[in-house]
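Asks: Just so we're aligned, residue 0 is where the sequence shown starts under numbering that gives the first Met the number 0, counting upward by one. All C-beta atoms in this analysis are idealised placements derived from N, C-alpha and C, irrespective of residue type, glycine included. Only a predicted model underlies this, so the values are computations on that prediction, with no experimental measurement involved. Sharing a structure below in structure tokens format, with a few things to ask.
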Amino acid sequence: MVDLFSQVTAQDRMKELVEEIRHHDDLYYGKDAPEISDAAYDKLRQELEQLEKENPEFVEENSPTKTVGAAKSSKFSKVSHQVPMLSLSNAFNEEDIEEFYAKIRRFLGLEDKEKIALVAEPKIDGLSASLTYKGGQLVVAATRGDGRIGEDITENIKTIPDIPHVLENAPEEIEIRGEIYMTKTDFLALNKTQEEKGDKVFANPRNAAAGSIRQLDHAITASRPLKFFAYSHGFYRGDVGTTQNAFLEKLKDWGFCVNPMTLSFHASKDLWKNYERVMHLRADLDYDIDGIVYKINRFDWQERLGFVGRAPRWAVAHKFPAEQVETQIEDIVIQVGRTGALTPVAYLKPVTVGGVVVSRATLHNEDEIKRKDIRVHDRVIIQRAGDVIPQVVKVLDQYRHDHSKVFVFPENCPVCGAAAAKPEGEAIKRCTGGLSCEAQAIEGLRHFVSKGAFDIEGLGEKQIEFFWEKGWVKEPADIFTLESRESEINLSDQEGWGKKSTENLWQALNEKRAISLDRFIYSLGIRQVGVETAKLLARTYVSFENLMHKMIAAKTIGSEARYDLMNIDQVGEKMVEDLIQFFDLPKHQAFIENLLSQVMPQDYLETRDLSSPIAGKTVVLTGSLESMTRAEAKAKVEQMGAKVSGSVSKKTDFVITGSDAGSKLKKAIELGVKTLTEAEWLALIQNK
Ligand code: IVH
């Protein structure tokens, strides 16, 4: 049976992923200014690769999976790694480390008294490289690339003084792996000269190292102060010893630099002590490290443990917590979002934190500023939470000047001047100007054309901003009347536009006039109504006319329409208020009416199988499934009329458990929630 629902979902998600990966590739390779961590990037790629494997008919011709990150520029020839260069799984606390040990014990069937020797090496924040030596001669060097295929950087690598060109007493053939990095001192000096020359400055030492090794002219690489730590091997023919420790000794004998903070351990409590010791030393090190890598010492055990997914079972990266640094707030600026939310943002004196230069931090809301008494010109400690958005941890008020003033949060919208209101019990102040506020209108338009909404080819944020500045588009309906106004606006004569692209735009717009109800609801930009809620509303109300009618009726307290709305599972009190308010505003009614004269939201068609045994149930997925991806399993569950939830609670009907199921499985058992193995889940689907 063709499962339409999961195909549509997969195709949409694939489009989204392609776009996102391209954006990050551009930041990383084009601008050397990444916004997300490698791990987060890897996750996106893995998800796309998996979806492409399962849905080959939707693979884009120029998908980033075909033109792998670094190889994208095609400046360098490609090198296949004989043994893939994989990533490491992460551990963040003692529990994760214990789990790492326990899994190894279970896997190898070791008794408790049997000691497991580990080697702990600092995790260098650089870029990995593989160096192939044949007959002791360095013949090829490659970047990691996507793990299977990297870029040939042989000539460039030979300019790094740490890398020997000839190995004595080496195996017949061996691939040495390690990390290319730049010291912090060298990075700062390089940026200084780059700036003086008017050349590009780098975001952090890692990007400086990456940018330096990926030079077509290896004289440039030679002029950059790169270094190298060796830590493992790939393919080899010959003798590499029987343990990681012995191998590291060989690396040293061959002339490689091995990190001097490398140590061996047996007990987990010693690992912990070492972790704290290294974390303490970290600030004084002249190169960035972001954790400690633990590797099982015995190679025969490594071999038996093998890999799961893209990471070895025999190693783990014990990551350091978010790095904190001190800087100064230069200004506090209030931004206005699509729903009118006023968000204070601190403009900072740029600093490197967690390897990225940051110049802004979110201050969340008015209360946060009050609570921490954050003021312009304050010295502050900031940290990067998760991967991207930095936060102010605390103010160093001992450095505050006497004339420093308490920050006064504005009473009016800084963009349109309308009053800003904070409803009781809410933390966020909002502009009450609605769509007459320029900031809200333009954010609303951006949202209207976004991926989950109208998603019009050739009409992204940039084009919307251009149309807005020209005064051609003030509200969504205007987008659809552009074509009829062409003789007036002459879009095809504008810079960046031609006959062809204008024609294409008209075509793309006309194709979107008949739009699915859920996308239409989502496109309106109602506060709190995301893609999932829009689907829920579409399912419940079936036609837009009915939805609007019921939302207006629901304004009356005690009405049946209000009762029905409140009874939709997952629609809380706040959302009820937001929905009613949205449809109640005459301004909104007018923009909807204009829009409806241009587009036709289609009535919702039920594609779910509501007679399935899991219809109406709440399901949690955990661990990895062998037979399908998470995305596929989620689509399947939804297609069968059930809801997928991210966490286990008493409301969960059952939990589908793949291999490596962890805390969610534990919680399900604790709460007595029914669990299904993958085989049981498959039987359930197949019986349908
Ligand atoms: S061993 C099978 N050891 O971390 C994995 N990696 O997250 C073998 N890294 O791509 C990697 N220091 O670039 C290993 N001492 C170390 C490392 C290290 C940094 C990097 C490496 C790898 C990434 C994995």
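DSSP three-state call for Tyr274: helix, strand or coil?
Replies: Position 275 of the sequence shown, counting from 1, holds the residue named residue 274. Helix.
Asks: Once you ignore the five residues that flank Val344 on each side, which residues in its own chain have a CB closer than 8 angstroms to its CB?
Replies: Translated into positions along the sequence shown, residue 344 becomes position 345. Only Ile331, Val332, Ile333, Gln334, Arg359, Ala360, Thr361, Leu362 meet the Cβ criterion.
Asks: From Ser73 to Ala128, what does the alpha carbon distance come to, in whole angstroms?
Replies: Counting from 1 along the sequence shown, the entry for residue 73 is found at position 74. Counting from 1 along the sequence shown, the entry for residue 128 is found at position 129. In this prediction, Ser73 has a pLDDT of 48, which is less than 50 and means its spatial position is unreliable; nothing more can be read from the coordinates.
Asks: Cα separation between Lys650 and Val619?
Replies: Numbered from its first residue, the sequence shown carries residue 650 at position 651. Numbered from its first residue, the sequence shown carries residue 619 at position 620. In a straight line, the C-alpha of Lys650 is about 10 angstroms away from that of Val619.
Asks: Pull up the distance between the alpha-carbon of Lys71 and that of Lys461, whole angstroms please.
Replies: Sequence index remark: in the sequence shown, residue 71 carries index 72 (1-based). Sequence index remark: in the sequence shown, residue 461 carries index 462 (1-based). Reliability of the predicted coordinates at Lys71 is poor, the pLDDT of 39 falling under 50, and the value obtained from them is presented with this limitation in mind. Roughly 24 angstroms separates the two Cα atoms.
Asks: Verify the contact flag: Ser127, CB atom, against every heavy atom of ligand 1, threshold strictly below 7 angstroms.
Replies: Working through the sequence shown from its first residue, we reach residue 127 at position 128. Yes, Cβ of Ser127 sits closer than 7 angstroms to a heavy atom of ligand 1.
Asks: Could you name the residues of the same chain whose beta carbon sits closer than 6 angstroms to that of Lys673, not counting the 5 residues immediately before and after it, in chain order?
Replies: Position 674 of the sequence shown, counting from 1, holds the residue named residue 673. So the list reads Phe653, once near-sequence residues are dropped.
Asks: Going straight from the alpha carbon of Arg518 to that of Phe543, what length do you get?
Replies: As a working note, residue 518 is residue 519 in the sequence shown. As a working note, residue 543 is residue 544 in the sequence shown. Straight-line Cα distance between these residues: approximately 11 angstroms.
Asks: To the nearest angstrom, report how far apart Cys430 and Ala630 are at their CA atoms.
Replies: Along the sequence shown, read from residue 1 onward, the residue named residue 430 stands at position 431. Along the sequence shown, read from residue 1 onward, the residue named residue 630 stands at position 631. The straight-line gap from Cα to Cα measures roughly 38 angstroms.
Asks: Using the C-alpha atoms, what's the distance from Asp111 back to Arg104?
Replies: Here residue 104 refers to the residue found at position 105 of the sequence shown. Here residue 111 refers to the residue found at position 112 of the sequence shown. Approximately 8 angstroms, taken between the alpha carbons.
Asks: Note down, in chain order, each residue of its chain lying with its Cβ closer than 7 angstroms to the Cβ of Ala560, except the 5 sequence neighbours on either side.
Replies: Here the question's residue 560 lines up with position 561 in the sequence shown. If we look at Ala560 and ignore the five residues flanking it on each side, its Cβ neighbours are Lys549, Ala552, Ala553.
Asks: When you measure from the CB of Pro311 to every non-hydrogen atom of ligand 1, does any distance come out below 7 angstroms?
Replies: Here residue 311 refers to the residue found at position 312 when the sequence shown is read from its first residue. Result yes, Cβ under 7 angstroms from ligand 1.
Asks: Which residue marks the beginning of the alpha helix (DSSP H) containing Thr184, and which one marks its end?
Replies: Along the sequence shown, one-based indexing puts residue 184 at 185. Taken as a continuous stretch (DSSP letters only), the alpha helix (DSSP H) holding Thr184 covers 183 to 196.
Asks: Taking C-alpha atoms, which residue in Asp602, Val138, Lys635 lies nearest to Leu536?
Replies: As a position in the sequence shown, residue 536 is number 537, starting the count at 1. It is Asp602 whose Cα lies nearest to the Cα of Leu536.
Asks: Under the DSSP definition of a beta bridge, which residues are partnered with Met599?
Replies: Position 600 of the sequence shown, counted from the start, is the residue given in the question as residue 599. In DSSP, Met599 forms a bridge with Ala513.
Asks: Grab me the residues of Arg12's own chain with a C-beta within less than 8 angstroms of its C-beta, minus the 5 sequence neighbours each way, in chain order.
Replies: Translated into the one-based positions of the sequence shown, residue 12 becomes position 13. Within the same chain, Arg12 has close Cβ partners Glu46, Leu50, Ala630.
Asks: Candidates Glu625, Leu546, Leu609: which alpha carbon is nearest Pro600's?
Replies: Here the question's residue 600 lines up with position 601 in the sequence shown. Answer by Cα proximity: Leu546.
Asks: At 4 residues or longer, what runs of the alpha helix (DSSP H) sit wholly inside the segment 111 to 175?
Replies: Qualifying alpha helix (DSSP H) stretches, in chain order: 153 to 156.
Asks: Hey, would you say Phe582 sits closer than 8 angstroms to Glu474, going by beta carbons?
Replies: By 1-based counting over the sequence shown, the position of residue 582 is 583. By 1-based counting over the sequence shown, the position of residue 474 is 475. Taking 8 angstroms as the Cβ cut-off, Phe582 and Glu474 do not qualify as a contacting pair.
Asks: With a cut-off of 8 angstroms, do at least 3 Cβ pairs link the segment 152 to 161 to the segment 289 to 297?
Replies: Cβ pair count under 8 angstroms is below three, so no.
Asks: Sorry if obvious, but does the Cβ on Arg303 come closer than 7 angstroms to a heavy atom of ligand 1?
Replies: Against the sequence shown, residue 303 aligns to sequence position 304. Result no, Cβ not under 7 angstroms from ligand 1.
Asks: Mind checking who Arg297 pairs with in its DSSP beta bridge?
Replies: Here residue 297 refers to the residue found at position 298 when the sequence shown is read from its first residue. Its beta-bridge partners are Thr242.
Asks: Evaluate contact between the segment 156 to 170 and the segment 128 to 145, counting only Cβ atoms and requiring at least three cross-stretch pairs below 8 angstroms.
Replies: Touching, yes.
Asks: In this structure, does DSSP put Ala340 in helix, strand or coil?
Replies: What you label residue 340 is simply residue 341 of the sequence shown in a count that begins at 1. Reduced to three states, the DSSP call for Ala340 is strand.
Asks: Who are the Cβ neighbours of Asp2 in its own chain at under 8 angstroms, not counting the five residues just before and after it?
Replies: Here residue 2 is taken as the residue at index 3 of the sequence shown, counted from 1. Low local confidence applies: a pLDDT of 35 at Asp2 is under 50, so the model's placement there is unreliable, with the coordinate-based value given in what follows. Hits under 8 angstroms: Ala634, Lys635, Gln638.
Asks: How is Ile579 classed by DSSP in three states: helix, strand or coil?
Replies: Here residue 579 refers to the residue found at position 580 when the sequence shown is read from its first residue. The answer is helix: DSSP assigns Ile579 an H, G or I state.
Asks: Just tell me which of Gly144, Lys102, Val350, Glu502 has its CA closest to the CA of Ser76.
Replies: Along the sequence shown, read from residue 1 onward, the residue named residue 76 stands at position 77. Looking at the Cα atoms, Gly144 is the closest of the given residues.
Asks: Would you kindly work out how many angstroms separate the C-alpha atoms of Ser449 and Ala440, rounded to a whole number?
Replies: Counting from one through the sequence shown, the residue named residue 449 turns up at place 450. Counting from one through the sequence shown, the residue named residue 440 turns up at place 441. If you take the alpha carbons of Ser449 and Ala440, they lie about 14 angstroms apart.
Asks: Can you tell me whether Glu677 is buried or exposed, with buried defined as 16 or more other CB within 10 angstroms of its CB?
Replies: Within the sequence shown, the letter at position 678 stands for residue 677. Classification of Glu677: buried, given that the 10 Å Cβ count is 16 or more.
Asks: Quick check on DSSP: helix, strand or coil for Ile426?
Replies: In the sequence shown, counting from the first residue as 1, residue 426 sits at position 427. Before going on, a small fix: residue 426 reads as Ala here, not Ile. Reduced to three states, the DSSP call for Ala426 is coil.
Asks: Grouping DSSP H, G and I as helix and E and B as strand, with all else coil, what is Lys549?
Replies: Stepping through the sequence shown from its first residue, residue 549 is reached at position 550. Of the three classes helix, strand and coil, the one that applies to Lys549 here is helix, per DSSP.
Asks: Can you list, in chain order, the residues of its chain with a C-beta nearer than 6 angstroms to that of Glu482? Leave out the 5 residues immediately preceding and following it.
Replies: On the sequence shown, position 483 is the one that residue 482 refers to. For Glu482, where only same-chain residues beyond five positions count, the Cβ hits under 6 angstroms are Trp505.
Asks: Helix, strand or coil, according to DSSP, for Thr532 in the structure here?
Replies: To locate residue 532, count along the sequence shown from 1; it is residue 533. Thr532 falls in the helix class under three-state DSSP.
Asks: Could you tell me the distance, in whole angstroms, from the CA atom of Glu679 to the CA atom of Ser626?
Replies: Here residue 679 corresponds to residue number 680 of the sequence shown, with the count starting at 1. Here residue 626 corresponds to residue number 627 of the sequence shown, with the count starting at 1. Roughly 12 angstroms between the two C-alpha positions.
Asks: Which whole-angstrom value is the C-beta distance of Leu126 and Glu174, which I expect to be below 8 angstroms?
Replies: In the sequence shown, residue 126 corresponds to position 127, counting from 1. In the sequence shown, residue 174 corresponds to position 175, counting from 1. Rounded, the Cβ-Cβ distance is 16 angstroms, inconsistent with contact.
Asks: Rounded to a whole number of angstroms, what is the C-alpha to C-alpha distance between Ala229 and Gly661?
Replies: As a working mapping, residue 229 is identified with position 230 in the sequence shown. As a working mapping, residue 661 is identified with position 662 in the sequence shown. Near 34 angstroms, if we compare the C-alpha coordinates of Gly661 and Ala229.
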